[in-house]
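FYI, our numbering numbers position 17 of the sequence shown as 17, with every residue one higher than the one before it.
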Amino acid sequence: MIRPSLPKRKRLQTPHDRFFKAMFGKTAVISSFVNTYLFPNSNLDIDYNLSCAIKNDTVDGFLNEFRSDIVYRLFDKTRSLFIYILFEHKSSPDKRTIIQLKHYLNSIENDISEDEKHEGPILIVIYHGRRKWNISLSLNLDLPNPALQKHFSKLEYLLFDFSHTPDEKILGSPQLRLAILGLKYVRTRSIIKKIDQIIVILKEMIDKGDKREVGEYVDDLSSYIDSAAPEDLREKVREKIKTAIITGEKKMSSIKEYFKQEGLKEGIEKGFKQGTEQGIKQGIEQGIEQVALNMLKDGESIEKIAHYTQLPKEKITSLQEQLFPRDPGGSDHN
């Protein structure tokens with residue numbers, strides 16, 4: 001197969017790319033998307049223990065600038081075959097979408113073993129931009145893929161426009177809804193209002209079991225907010241998340257316990273970072289001290305901070321004196 005020449009420019013990964021890949025690289029997100037949106041009324045029995053995300057490099061090669069976001073290889077136990085799904089996300093209408101998808105299709109087909117029983121690849125575009133998507137859905141392939149035709153009557157990519165989908169119609173697991181709402185709102189001014197809805201989803205995740213998993217989602221979401229939300233809203237949004245997790249009395253007690261007991265070496269600092277990357281490598285003790293400092297700034301009492309961080313009151317008092325030095329007259333900060 002002859003591949004057309006393309007300009008070799010290095011693709012710079014955007015905050016949207018990083019968040020999308022972090023979310024859609026998780027089995028909980030992919031499985032819910034497949035069951036909710038792709039094959040909602042199907043008899044397919046996907047074994048996710050035998051399914052996996054394939055690294056981006058698989059469809060890179062000569063493409064350079066044109067690299068897909070995620071390629072997922074699902075195993076259908078019912079028919080004992082693999083189904084390939086390629087995810088591409090767009091934050092604005094892109095006229096290059098068709099040529100990109102054609103290249104991805106060719107590249108993946110070349111990488112799949114001839115002896116492997118498979119279907120696809122199914123091409124999916126997830127759109128989270130403000131403008132209306134005005135790009136044709138048809139791939140206009142010269143040599144249609146028979147396996148692809150088994151799934152869909154027309155050779156088209158599947159477009160999921162979540163920006164123009166009402167929130168109440170965004171379905172699926174809490175992990176999937178968190179990912180979609182993050183893509184939909186983080187870069188808009190609506191994020192300051194929608195973060196409460198996202199916090200409710202995090203609480204739902206905690207109720208269903210895995211506190212460490214929630215810490216990872218908080219970490220990914222906070223990093224996305226810190227790099228993609230409107231600059232004048234970033235600190236306010238971070239503070240809302242921090243307050244809900246660390247100082248909320250009832251909303252998210254399980255998450256508070258997770259941060260208190262586990263420390264979450266990277267998550268405490270990275271999830272609530274104040275615009276610096278240095279804290280990512282700090283130890284658990286320094287991370288907890290930073291939480292204590294943030295709570296002191298919020299006016300929380302020493303007793304409450306000691307309860308949530310497990311730091312000695314003497315240590316918290318020392319941090320308070322560093323944060324609010326006594327004035328020359330000797331009066332204390334209240």
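Glycine included, each C-beta is placed from N, C-alpha and C at the ideal position.
Collapsed DSSP secondary structure at residue i in the structure displayed
{"i": "S80", "result": "coil"}
{"i": "A53", "result": "strand"}
{"i": "R73", "result": "strand"}
{"i": "I112", "result": "coil"}
{"i": "E119", "result": "strand"}
{"i": "F66", "result": "Bear in mind that a pLDDT of 42 at F66, under 50, signals an unreliable position, so the number given afterwards is only what the model happens to contain. DSSP places F66 in coil when its eight states are reduced to three."}
{"i": "F160", "result": "strand"}
{"i": "L350", "result": "Because the chain in this structure spans residues 1 to 334, residue 350 falls outside the shown range and cannot be described."}
{"i": "D94", "result": "coil"}
{"i": "Y37", "result": "helix"}
{"i": "F87", "result": "strand"}
{"i": "D220", "result": "helix"}
{"i": "D47", "result": "strand"}
{"i": "K260", "result": "With a pLDDT of 47 at K260, under the threshold of 50, the modelled position of this residue cannot be trusted; read the value that follows with caution. DSSP places K260 in helix when its eight states are reduced to three."}
{"i": "Q274", "result": "Unreliable placement is indicated for Q274, whose pLDDT of 43 sits below 50; no coordinate value is reported for it."}
Residue burial classification, residue i (beta-carbon count within 10 angstroms, cutoff 16)
{"i": "K26", "result": "buried"}
{"i": "Y48", "result": "exposed"}
{"i": "S190", "result": "exposed"}
{"i": "R96", "result": "exposed"}
{"i": "R79", "result": "exposed"}
{"i": "Q197", "result": "exposed"}
{"i": "E88", "result": "buried"}
{"i": "G299", "result": "exposed"}
{"i": "P166", "result": "exposed"}
{"i": "P174", "result": "buried"}
{"i": "E119", "result": "buried"}
{"i": "S352", "result": "In this structure the chain extends from 1 to 334, so residue 352 is not present and cannot be described."}
{"i": "R326", "result": "exposed"}
{"i": "K90", "result": "buried"}
{"i": "L323", "result": "exposed"}
{"i": "S153", "result": "Model confidence at S153 stands at a pLDDT of 42, short of 50, so the residue's coordinates are unreliable and nothing is read from them."}
{"i": "K297", "result": "exposed"}
Inter-residue CB distance, residue i and residue j (contact presumed, cutoff 8 angstroms)
{"i": "P93", "j": "I108", "result": "Not really, about 24 angstroms apart at Cβ, beyond 8 angstroms."}
{"i": "S51", "j": "Y37", "result": "Wrong, their Cβ atoms sit about 16 angstroms apart, outside the cutoff."}
{"i": "D69", "j": "F19", "result": "Not quite, the Cβ-Cβ distance comes to about 11 angstroms (not below 8 angstroms), so this is no contact."}
{"i": "D76", "j": "D45", "result": "7 angstroms"}
{"i": "L181", "j": "K194", "result": "6 angstroms"}
{"i": "I98", "j": "L139", "result": "6 angstroms"}
Do the stretch 132-140 and the stretch 158-167 touch if we need at least three Cβ pairs shorter than 8 angstroms?
-> yes
Problem set entry | Contained alpha helix (DSSP H) runs [length at least 4] in the stretch 169-214, N- to C-terminal order | 174-185 and 191-207
Is there contact here, the stretch 226-238 with the stretch 174-188, by at least three beta-carbon pairs under 8 angstroms? yes
With a cut-off of 8 angstroms, do at least 3 Cβ pairs link the stretch 292-301 to the stretch 317-326? yes
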